[in-house]
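Enquirer: A single structure is presented below for examination.
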Amino acid sequence: MTLKPSAEIRIRLRSAQYLMYMQTFLARAKKLETENTLFTDGLKAFEAAVAEVDASVRIATKSKMTINVTEADAVRDRLYSLLKSVVVGWASMPALSGSSAQLLPFVSEYAEAARPLADVIALYNLQTNTQLDDESGKLQSILRDMRRDGAESITKLQLTELLSQLETANKAVIEGINQRAEERGAKVAGALKAARLTCDEAYLKLEQVINALSVLMPSEPLTAFIRTQNDEIDRLDRALASGNKDEEEKNPTEGKPGEGKPGEGSSDQPTDQPADKPTPDQPAPDKDQPSGNDSQTGVVTPVQPEKK
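All residue numbers in the sequence shown are consecutive under UniProt numbering, ending with 308.
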């Protein structure tokens, strides 16, 4: 018994799936007890290659700083919206006259205090759904101008703490973006692809050694290892063909590969397609228009959409 070829399966695995397959194979191979130098040397080379794939996958995955940036950005958006609502709300208060002005003197005072701050907001016209760096820069300018041109207004409207919190949240976003950039800076273009190629080469060499040992120096542990690994290869083949988790547990006779919805990691496509399913080159005919099907000849004539 020898190991089944798995190159066609491995090339279809997504990075995380590929890494798990290689790590599982490595863990099983390390349990084999042999003093054969070809095997031990091949195992060391393979272990180093798997570690390189692991490192490349970690770099390629979403940085944890992305979560921090997203959360800090959500906080600063809320704080800025609150600041804008307060300032614009007071600045747009209607002018009071007569007895109303005497009864509510604070209205005109607060409205007058809010206008310099409202002018700053209008000047930068910041939208919170803008690009992160653009929002960060505009917020820095808004906070600077408000403190420079409207210090008394900030005190009058009791906005000192709100501006301080907004500044803290803005700095958190900036620092998070910088840290994330530093993490990604370690990523070399094509590093993951190169790591997988190296790992495939090491896997193939180790596979050849194992197959040779199974013929020249057969043993029960080695046979059990090969049998287990071949079962794993078959399981992955069925899973990739079906794209369905349930299919992974089926026996080969219980379902044909290719049936069901194609999975993310599979390039296979279902073979049975409805004849009238619309495609980009042949749009679906209008229900009120002739279908273009010739019932006598069985030929489908594409119906061209009406030009507007």
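Each residue gets a CB set at the ideal place from its N, CA and C atoms; glycine is no exception.
Is I174 helix, strand or coil by DSSP?
Expert: The sequence position of residue 174 within the sequence shown is 174, counting from 1. Of the three classes helix, strand and coil, the one that applies to I174 here is helix, per DSSP.
Enquirer: Entirely within the segment 57-116 and at least 4 residues each: give me those alpha helix (DSSP H) ranges in chain order.
Expert: Counting whole runs of 4 or more residues, the segment 57-116 contains the alpha helix (DSSP H) stretches 64-91 and 99-103.
Enquirer: Pull up the distance between the alpha-carbon of Q229 and that of F25, whole angstroms please.
Expert: One-based indexing of the sequence shown puts residue 229 at position 229. One-based indexing of the sequence shown puts residue 25 at position 25. Answer to the nearest angstrom: the Cα atoms are 7 Å apart.
Enquirer: Please classify G89 as buried or exposed, where buried requires at least 16 other C-beta atoms within 10 Å of its C-beta.
Expert: In the sequence shown, counting from the first residue as 1, residue 89 sits at position 89. Its Cβ having fewer than 16 others within 10 Å, G89 is exposed.
Enquirer: Pull up the distance between the alpha-carbon of R14 and that of E71, whole angstroms please.
Expert: Against the sequence shown, residue 14 aligns to sequence position 14. Against the sequence shown, residue 71 aligns to sequence position 71. Their backbone Cα atoms lie some 29 Å apart in a straight line.
Enquirer: Out of N211, E175, I9 and R184, state which residue places its alpha-carbon closest to the alpha-carbon of V69.
Expert: On the sequence shown, residue 69 is found 69 positions in, with the first residue counted as 1. Minimum Cα distance to V69 is reached at E175.
Enquirer: Residues in the same chain with beta-carbon distance under 7 Å from S100, minus the five sequence neighbours each way, listed in chain order, please.
Expert: If you number the sequence shown from 1, residue 100 lands on position 100. Nothing listed; no residue qualifies.
Enquirer: Below 8 Å on the Cβ atoms is my guess for I142 versus L126; work out the distance and round it to an integer in Å.
Expert: Your numbering for residue 142 matches position 142 in the sequence shown. Your numbering for residue 126 matches position 126 in the sequence shown. With 8 Å as the limit, I142 and L126 qualify as a contact, their Cβ atoms being about 7 Å apart.
Enquirer: Once the 5 residues before and after T223 are set aside, which same chain residues still bring their CB inside 8 Å of it?
Expert: Here residue 223 refers to the residue found at position 223 when the sequence shown is read from its first residue. Correct list, in chain order: M1 and S214.
Enquirer: Using only CA atoms, which one of R12, A16, I11 and Y21 lies nearest to D231?
Expert: Position 231 of the sequence shown, counting from 1, holds the residue named residue 231. Closest by alpha carbon: Y21.
Enquirer: Could you give the uninterrupted runs of the alpha helix (DSSP H) lying entirely in the segment 7-41, keeping only those of 4 residues or more?
Expert: Counting whole runs of 4 or more residues, the segment 7-41 contains the alpha helix (DSSP H) stretches 7-10 and 15-30.
Enquirer: Figure out for me which residue from I67, P105, L166 and T40 has the closest Cα to the Cα of Q179.
Expert: By 1-based counting over the sequence shown, the position of residue 179 is 179. That would be I67, whose Cα lies nearest to the Cα of Q179.
Enquirer: Among R78, E35 and L139, whose alpha-carbon lies nearest the alpha-carbon of K171?
Expert: In the sequence shown, the residue the question calls residue 171 occupies position 171. Nearest option by C-alpha distance: L139.
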